[in-house]
Amino acid sequence: MKWNLVDRVASQVLYAVTGIVLARELPHEDFGLVGAVLIFQAFASLFVDSGFSYALIQRKRPSRLDYSTVLWFNLFMAVLLYLVLFAGAPLIAWFFSNDLRLIPLTRVICISIILNASAIVQANRLMKAMDVRMIAASNALGLIVGGVTGIAMALTGFGAWAIVWQTIVTAAVKSIVLWTSSHWRPLMRFSWRSLRSYFGIGSRMMLTSFLNTLFQYIYSFFIGYKAGLGSLGYYTQSDKWSKMGVTSLTQVLTSSFLPALSAVQDDAVRYSLMVSKMNRFTAYLLFPTMFGLMLMATPVFHTLFGTKWDPSIILFQLLLLKGVFTVLNSLYTNYLLSLGFGSDIVKLEILRDTVAIIALGVTFPFLALTAPGDPVYGIRILLWGQLVATVLTWLATLVATVRRTRIPLGRYITDMMPYLAQTLLIVPVMWYVGYFFELAWMKLIVEAITGVVLYVGGNKFFGSRIQKEVLTYFRKGKIM
Numbered sequence: 443m444k445w446n447l448v449d450r451v452a453s454q455v456l457y458a459v460t461g462i463v464l465a466r467e468l469p470h471e472d473f474g475l476v477g478a479v480l481i482f483q484a485f486a487s488l489f490v491d492s493g494f495s496y497a498l499i500q501r502k503r504p505s506r507l508d509y510s511t512v513l514w515f516n517l518f519m520a521v522l523l524y525l526v527l528f529a530g531a532p533l534i535a536w537f538f539s540n541d542l543r544l545i546p547l548t549r550v551i552c553i554s555i556i557l558n559a560s561a562i563v564q565a566n567r568l569m570k571a572m573d574v575r576m577i578a579a580s581n582a583l584g585l586i587v588g589g590v591t592g593i594a595m596a597l598t599g600f601g602a603w604a605i606v607w608q609t610i611v612t613a614a615v616k617s618i619v620l621w622t623s624s625h626w627r628p629l630m631r632f633s634w635r636s637l638r639s640y641f642g643i644g645s646r647m648m649l650t651s652f653l654n655t656l657f658q659y660i661y662s663f664f665i666g667y668k669a670g671l672g673s674l675g676y677y678t679q680s681d682k683w684s685k686m687g688v689t690s691l692t693q694v695l696t697s698s699f700l701p702a703l704s705a706v707q708d709d710a711v712r713y714s715l716m717v718s719k720m721n722r723f724t725a726y727l728l729f730p731t732m733f734g735l736m737l738m739a740t741p742v743f744h745t746l747f748g749t750k751w752d753p754s755i756i757l758f759q760l761l762l763l764k765g766v767f768t769v770l771n772s773l774y775t776n777y778l779l780s781l782g783f784g785s786d787i788v789k790l791e792i793l794r795d796t797v798a799i800i801a802l803g804v805t806f807p808f809l810a811l812t813a814p815g816d817p818v819y820g821i822r823i824l825l826w827g828q829l830v831a832t833v834l835t836w837l838a839t840l841v842a843t844v845r846r847t848r849i850p851l852g853r854y855i856t857d858m859m860p861y862l863a864q865t866l867l868i869v870p871v872m873w874y875v876g877y878f879f880e881l882a883w884m885k886l887i888v889e890a891i892t893g894v895v896l897y898v899g900g901n902k903f904f905g906s907r908i909q910k911e912v913l914t915y916f917r918k919g920k921i922m
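Positions 443 to 922 (my numbering) are the ones given, in order, by the sequence shown.
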């Protein structure tokens, strides 16, 4: 957990520094261009992995042949899908108002699919062993080199290409670091038998990931198509910054919790205790982070970007609120996956996507609406609909998790409620204290310090066990 948090914090800091410079230097439409291409890259990357990395983590003792087989499969699929996207680049450009700039952008940025595919198994082996130090190092070094490349190109006038080459260089450096630092090398063999043994849970997780990815990027697809690449740029910016919190928490939970849960899946008592601890840890981080960022959204954007991206602020806040339920859904999915209930996960994903499609259908006619001083009015309507869909999915996932883990619903609520209650009491105090400061950076600092002091102090006053364990772990590297 400690190294996963170090990895995510370091990665997001480096990612943020690069993102701030690029957001200041590049126009809205450049982010819209790259955002359009990333839709197709995301789906291609999904099919490259095909859910087998989840299956490898879930299995107790994968063999060297298992790892090798998955690696060769990943690389084969990456090359195949790159060729498809290379040939299909003109169709992508045609769909987005026949913007021919998308053709070369697509053909270059999708090289990262192959580079990322080469690193999946190496990273997977380290996560399986719960040794993620080199993953953290590879991510950090990749982001540093990629960030320097992207910033240099942005400052010298390369426009959207700065983001493209940042992506390529980051993926290449990460893969090189993982391969050069690892003693593991694949067998020059491929086993259909091994691949088929992972197909059950792998295919279910691929379907789940496909549906999840579909509903992460389908909004970008329709926004770019109906509202234009300029509006897509505003949405892409808000989505990127909101994901820094949501995705970081989700990845920490998945990479840290899933291997530990899988190891005790046959011990009901230990499993139940571990679930409670994970519930409390998640709530301890999730609620103050998300609600605090929602409150501080305006001073954050003004401090980092000035007023250039003001239309993105309300979108950022809505995406953070939606992200609270996204993280909780991911947590509960880990519980189901660790017990081998992949079919339940698929059913829940289908339910979520059905509700999301209904919400999308209801709000789509309003997507291109604007109002005086508000070019993203229609996108706001879209996100409110998706927030309702996510809340309904969370309720269904919670019910299914309670049934499969045989842990009472009351336990899930009581594990998390103290941290939610504290957050809801502290956020108004943060707003009141920040109200007296005009400068954005001063308001941001005062609100952040107020929130941290009250939250940490409140948990200490009430004797929060999870806070003691977290602080002890980061000081001494062990849980009390």
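No residue lacks a Cβ here, since even glycine has one placed at the ideal position from N, Cα and C.
- Taking all protein chains in view, the Cβ of D709 is surrounded by fewer than 16 other Cβ atoms within 10 Å, so the residue is classified as exposed.
- The bridge partners DSSP lists for A813 are D816.
- Per DSSP, G670 lies in no alpha helix (DSSP H) segment and is marked neither H nor E.
- Considering only G592, G803, Q679, Q909, the residue with the shortest C-alpha distance to A725 is Q909.
- Taken in chain order, the complete alpha helix (DSSP H) segments of 4 residues or longer contained in the stretch 728 to 814 are 739 to 747, 753 to 780, 784 to 805.
- Nearest to S617 by C-alpha distance, out of Q679, L517, F733, is L517.
- Within its own chain, the residues whose Cβ lies closer than 6 angstroms to the Cβ of A669, once the five positions on either side in sequence are excluded, are L809, A810, listed in chain order.
- For V888, the enclosing alpha helix (DSSP H) begins and ends at 882 to 903.
- If you ignore the 5 residues before and after G734, its C-beta comes within less than 6 angstroms of the C-beta of G893, all in its own chain and listed in chain order.
- Straight through space, the alpha carbons of V888 and I792 are spaced by roughly 43 angstroms.
- Less than 8 angstroms separates the beta-carbon of L896 from that of V871.
- Separation of V563 and S505 (C-alpha to C-alpha, rounded to the nearest whole angstrom) is 12 angstroms.
- Residue nearest to G592 within the set L583, W603, S906 is W603 (criterion: CA-CA distance).
- By the beta-carbon neighbour count (other beta carbons within 10 angstroms, threshold 16), H625 is exposed.
- Counting every other CB atom within 10 Å of its CB across the protein chains shown gives R794 a total of 16 or more, marking it as buried.
- Note that the C-beta distance between G765 and S690 is not below 8 angstroms.
- Around the beta carbon of A863, fewer than 16 other beta carbons sit within 10 angstroms, so the residue counts as exposed.
- Non-local beta-carbon contacts of G474 in its own chain, meaning distances under 7 angstroms to residues more than five positions away in sequence, involve G666, L671, G672, L674, G675, T678 in chain order.
- For Y854, the uninterrupted alpha helix (DSSP H) run begins and ends at 851 to 876, by DSSP.
- Less than 8 angstroms separates the beta-carbon of N771 from that of W836.
- The Cβ neighbour count for G687, taken over all protein chains shown within 10 Å, is at least 16; the residue is labelled buried.
- Between A831 and V788, the C-beta spacing is not below 8 angstroms.
- For the 8 angstroms CB-CB criterion, T511 and F632 form a contact.
- Where W607 is concerned, the enclosing alpha helix (DSSP H) starts and stops at 603 to 623.
- The stretch 747 to 762 and the stretch 711 to 729 do not touch, with fewer than 3 CB-CB distances between them shorter than 8 angstroms.
- Scanning L620, F879, G477 for the CA closest to the CA of A559 turns up L620.
- In this model, W607 and R848 are separated by some 49 angstroms (Cα to Cα).
- T768 has its alpha-carbon roughly 29 angstroms from the corresponding atom of Y874.
- C-alpha of R543 to C-alpha of L568: approximately 39 angstroms in a straight line.
- Short of 7 angstroms from the beta carbon of A890, and not among the five residues preceding or following it, lie these beta carbons of its own chain, in chain order: M738.
- Between S623 and the set S662, F879, M576, the nearest pair of CA atoms involves M576.
- In chain order, I481 place their CB closer than 6 angstroms to the CB of F663, counting only its own chain and leaving out the 5 sequence neighbours on each side.
- Here the C-alpha atom of T612 lies approximately 17 angstroms from the C-alpha atom of T548.
- For L547, the enclosing alpha helix (DSSP H) begins and ends at 544 to 551.
- If you check the CB distance, A801 and Q828 come in under 8 angstroms.
- A residue is called buried once 16 or more other Cβ atoms fall within 10 Å of its Cβ, and V479 is buried on that count.
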